[in-house]
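As you go down the protein sequences, you meet chains A and B in turn.
Sequential numbering from 37 applies to the first sequence in our numbering.
Sequential numbering from 76 applies to the second sequence in our numbering.
Beta carbons are placed, not taken as given, at the ideal position from N, Cα and C, and that holds for glycine.
Since the model is a prediction, treat every value here as computed from it, not as a measurement.
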Amino acid sequence: MTITEKILAGASGRQTVSAGDVVFAKVDKVMMHDVSGPGVIKVFSEWEKKGLKLERIWNPDKVWVTEDHFVPAADRVSAENVITLSNFTKKYGIKRHFKYGLGQYGICHTLSHEEAMVLPGEVYVGGDSHTNTTGAMGAFAAGLGHTDVAYVLMNGQIWFKVPETMLFKIEGNKPDHIMAKDIILKIIGDIGTDGANYKAMQFAGSVVKKLSMEERLTLTNMTTEAGAKNGIIEPDETTYAYLRERTDAQYSPVHGDEGAQYSEVFTYEIDKLEPTVAKPFSPGNISVARELQSTELDKAYIGSCTGAKLEDLRAAAKILKGKKVKIRTEVLPAAQSIYMKAMKEGLISIFMEAGAVVGPPTCGACCGAHMGILGKGEVCISTTNRNFPGRMGHVESQTYLASPVVVAASAVTGKITDPRDVRN
Amino acid sequence: MNKIIRGKVHKYDRNNIDTDVIIPGPYLKIHDHKELAKHAMEGIDPKFPEKVSQGDFLVAGSNFGCGSSREHAPIALSQTGIRAILAPTFARIFYRNAVDGGYLLPIEIDESTVKKISDKDELEIDLAQNKITNLTRGEQYSMKPFPELIAKIVEAGGLMKYKPGS
Ligand code: SF4
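Structure representation (structure tokens):
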């Protein structure tokens, strides 16, 4: 069995499972945020009208909650949603509620690793499609809708169709200007935005072995853009070391078997991979950055669960150090703890001296909700993960997706730029 | 559940109709179902909610509902009156949400069947026989049967009403 199959077999109390089996699996952790949380609460209130009252939830210690999409409260409705969520967590005894303006808070998929909320071998579900991200910790991590999350909150389990696993082996020597973002964009470009529908995308190979935890998380984050059910990486010393710094919780790592069956195996030699950009309006619509160098931009965005982790900020700062940005540039660290680390390392001064604005952690602009949405006709280059029409603002705005170094280099020139083409 | 359903087709012949198009981001903070319906498919056809009558069908290309996990998407569509969506494939979270919430029937049909069905056609879908009759054109098509567990959840009217093992 693959690691995904083994985790699902364990969680559903079976010796073995095969791709295609439908199982009811026990859940170890569940997450909801300020969009899905009120949605889940609405499901409960609809059920209550039909005589099904939620007396208590299955296990408040396994539930955690974030405020990220519409904080700082974008308007009255958002403010009310946060109140609804707070009342719920208080009422049902959910202690791990990361609140805006009260110490650590940030984007859900960032807190999931920063706060070691999810451990190797676990089944983790969340009310957000990029829940896949946390599979990089060696867990089965998948996004669910409101009804499913509500069901998990009541019962501690949910059904899954065991996915087939596609294995991506990343080999060769990674050039310095290449980041995990380039690798995953290249893969999505090759297999398409429905190329992994219903399947697991597992990453392995010598390059992945050497990637840091944060870079691995970029790979799994964008498995969602290929339609995958989950993204996963087998845990190793990098995973354990990352966790040791953050938790003393015990866990039981799971590894795939020697003879595990993969539906497809892809091998990528990345020595010659070029900095890659996804053009509007699909993450699969890729091009090499240098081929797009005449594209004029209005804004550079360094933010989101995909591209505002500490190492993303470090990489961008390395390019921006001592330079000035030519277009509106917004940097939003993905969590308060990352913001603080970036500050202590001097990264925030680098961004501000370059002319960028640095904002509080929020999903805001990534999903076109608030805090800097694009106007009609505006063109943005962004470290985020989606560029559907209207994703970051007006339906006639455009978003190019790229790595933090490509975005930083483009901020300096005002056009899409390969990081090798800005001199240090 | 009624095993035979009838309705008019609203066809949007493109692949990858995503959740940002079905219900754009700014409306995610809305949790009132009726209000959401007013913005269903706003990214493609702002007139959509006015065109739909109770029990109608939406026919579209493959990978319908890709993008975010927002349950707002099947809710908004179902609140306009849409009963089933017919497409070659669905994005997995959209599919789960549609079935588990008991909002909509996600019905998988062949690409060639999508081509044969036109906007405004009247269809009759027999869920017990997995058969689709195009009343306008006098044609019959097949649909992919629901997997066993999904069929039970559909039958129960959503995951909440389904008891595991039943
Ligand atoms: S940062 Fe963007 S992709 Fe990540 S959770 Fe927030 S809205 Fe979703």
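To the nearest angstrom, report how far apart residue i and residue j are at their CA atoms.
i      : j      : result
A/A445 : A/E389 : 15 angstroms
A/I224 : B/D201 : 38 angstroms
A/S418 : B/V174 : 34 angstroms
A/P396 : B/A112 : 33 angstroms
B/Q154 : B/I98  : 12 angstroms
B/V229 : B/Y170 : 12 angstroms
A/R364 : A/A336 : 6 angstroms
A/S148 : A/T170 : 7 angstroms
A/M407 : B/I182 : 39 angstroms
A/A392 : A/L383 : 12 angstroms
A/I39  : B/Y87  : 39 angstroms
B/N205 : B/A151 : 26 angstroms
A/S373 : B/G232 : 44 angstroms
B/G130 : B/P222 : 23 angstroms
Spatial neighbours of residue i within its chain, please: CB distance less than 6 angstroms, with the 5 preceding and 5 following residues excluded, ordered by chain position.
i      : result
B/Y102 : H114
A/V71  : H105
A/H481 : No statement about residue 481 of chain A is possible, as the shown extent of chain A runs from 37 to 460 and does not include it.
A/A152 : L279, R282 and T283
A/F124 : I77
A/E305 : E207 and G208
A/T260 : S165, H166 and N168
A/R252 : A172 and I269
Can you name the start and end residues of the beta strand (DSSP E) that residue i belongs to?
i      : result
A/P74  : From DSSP, A/P74 is part of no beta strand (DSSP E) but of the alpha helix (DSSP H) over S72 to K85.
A/M37  : Premise fails: A/M37 is in no beta strand (DSSP E) and is neither H nor E.
B/D201 : E197 to D201
B/R89  : No beta strand (DSSP E) holds B/R89; DSSP gives it neither H nor E.
B/P101 : Taken as a continuous stretch (DSSP letters only), B/P101 belongs to no beta strand (DSSP E), as it is neither H nor E.
A/T365 : R364 to V367
B/H114 : It is not in any beta strand (DSSP E) - B/H114 carries neither H nor E in the DSSP assignment.
A/M68  : K65 to M68
B/Q215 : E214 to S217
A/L253 : From DSSP, A/L253 is part of no beta strand (DSSP E) but of the alpha helix (DSSP H) over M249 to N257.
A/Y304 : E300 to E305
B/E183 : L180 to E183
Enumerate in chain order the residues of its own chain whose CB-to-CB distance from residue i is below 8 angstroms, with the five nearest sequence positions on each side excluded.
i      : result
A/Q329 : K451, I452, T453, D454 and D457
A/K362 : A447, V448, T449 and G450
B/A226 : P220
A/G192 : K62, V63, W94, N95 and K98
A/R326 : E310, P311, D454 and D457
B/R89  : A135 and G136
A/T331 : V415, Y436, K451 and I452
A/W195 : V58, V59, F60 and A61
B/R165 : The residue you asked about is not Arg; residue 165 of chain B is Phe in the sequence shown. Only N138, F139, G140, A173, P181 and E183 meet the Cβ criterion.
Which residue comes first and which comes last in the alpha helix (DSSP H) that contains residue i?
i      : result
A/V118 : R112 to K127
A/A277 : E273 to R280
B/I225 : E223 to A231
B/P149 : H147 to T155
B/T208 : No alpha helix (DSSP H) holds B/T208; the beta strand (DSSP E) holding it covers K206 to N209.
A/V443 : P440 to T449
A/M379 : Q372 to K380
A/Y141 : Looking at the DSSP string, A/Y141 is not in any alpha helix (DSSP H), and its letter there is neither H nor E.
A/C341 : S340 to G343
Within the same chain, show all residues whose beta-carbon is closer than 7 angstroms to that of residue i, passing over the 5 residues directly before and after it, in chain order.
i      : result
A/K359 : A390 and V448
B/P124 : A112, K113, A115 and T155
A/S114 : F106
A/N537 : In the structure as shown, chain A begins at 37 and stops at 460. Residue 537 of chain A is therefore absent and cannot be evaluated.
A/Y128 : R92, I93 and P96
A/G343 : K217, T419, T420 and P440
B/V127 : H85, T155, G156 and I157
A/K210 : V243 and I306
Using a Cβ cut-off of 8 angstroms, pull out every chain E residue sitting near residue i, in sequence order please.
i      : result
B/S137 : Among the chains of the structure shown, chain E does not appear; the protein chains present are A and B.
Would you say residue i touches the ligand NAP, meaning its beta carbon is less than 7 angstroms from a heavy atom?
i      : result
A/I374 : Ligands present in the displayed structure are limited to the ligand SF4, and the ligand NAP is not among them.
*In the region 161-182 of chain B, which residues sit with their C-beta less than 7 angstroms from some C-beta in chain A, listed in chain order?*
T164, A166, R167, I168, R171, N172, D175 and G176
*Just checking, does the region 305-321 of chain A make contact with the region 227-236 of chain A on the three C-beta pairs under 8 angstroms criterion?*
yes
_Positions along the region 261-280 of chain A whose CB lies within less than 8 angstroms of some CB in chain B_ = G263 and K265
*asked:* Within 8 angstroms, do at least three Cβ pairs link the region 181-192 of chain A to the region 278-289 of chain A?
replied: Counting Cβ pairs under 8 angstroms, fewer than three are found: no touch.
*Check whether the region 87-103 of chain A touches the region 122-139 of chain A, counting contact only when three or more Cβ pairs, one atom from each stretch, lie closer than 8 angstroms.*
yes
*asked:* If the cut-off is 7 angstroms on Cβ atoms, which residues from the region 198-231 of chain A count as contacting chain B, listed in chain order?
replied: T229 and D230
*Which of the residues in the region 84-115 of chain B, read from start to end, lie with their CB under 9 angstroms from any CB of chain A?*
N90, N91, D93, T94, D95, V96, P99, G100, P101, L103, K104, I105, H106, D107 and H108
_Sufficient close CB pairs (3 or more, under 8 angstroms) joining the region 427-435 of chain A to the region 345-355 of chain A_ = Because the criterion of three Cβ pairs below 8 angstroms is not met, the region 427-435 of chain A and the region 345-355 of chain A do not touch.
_Under 7 angstroms (Cβ pairs) to chain B, residues found in the region 166-188 of chain A_ = Near chain B, meaning a CB-to-CB distance below 7 angstroms, the residues of the region 166-188 of chain A are G179, L180, G181, H182, T183, D184 and Y187.
*State whether the region 233-246 of chain A contacts the region 198-208 of chain A, with contact taken as three or more CB pairs (one from each stretch) at a distance under 8 angstroms.*
yes
*Members of the region 415-427 of chain A that neighbour chain B once the beta carbon cut-off is set at 9 angstroms*: R422, F424, P425, G426 and R427
*Report the residues of the region 97-117 of chain A with a CB closer than 9 angstroms to any CB of chain B, ordered along the chain.*
H105, F106, A110, D111, V113, S114, E116 and N117
_Against chain A: residues of the region 209-224 of chain B by CB proximity under 9 angstroms_ = For the region 209-224 of chain B, the beta-carbon criterion of a distance under 9 angstroms to any beta-carbon of chain A is satisfied by P222, E223 and L224.
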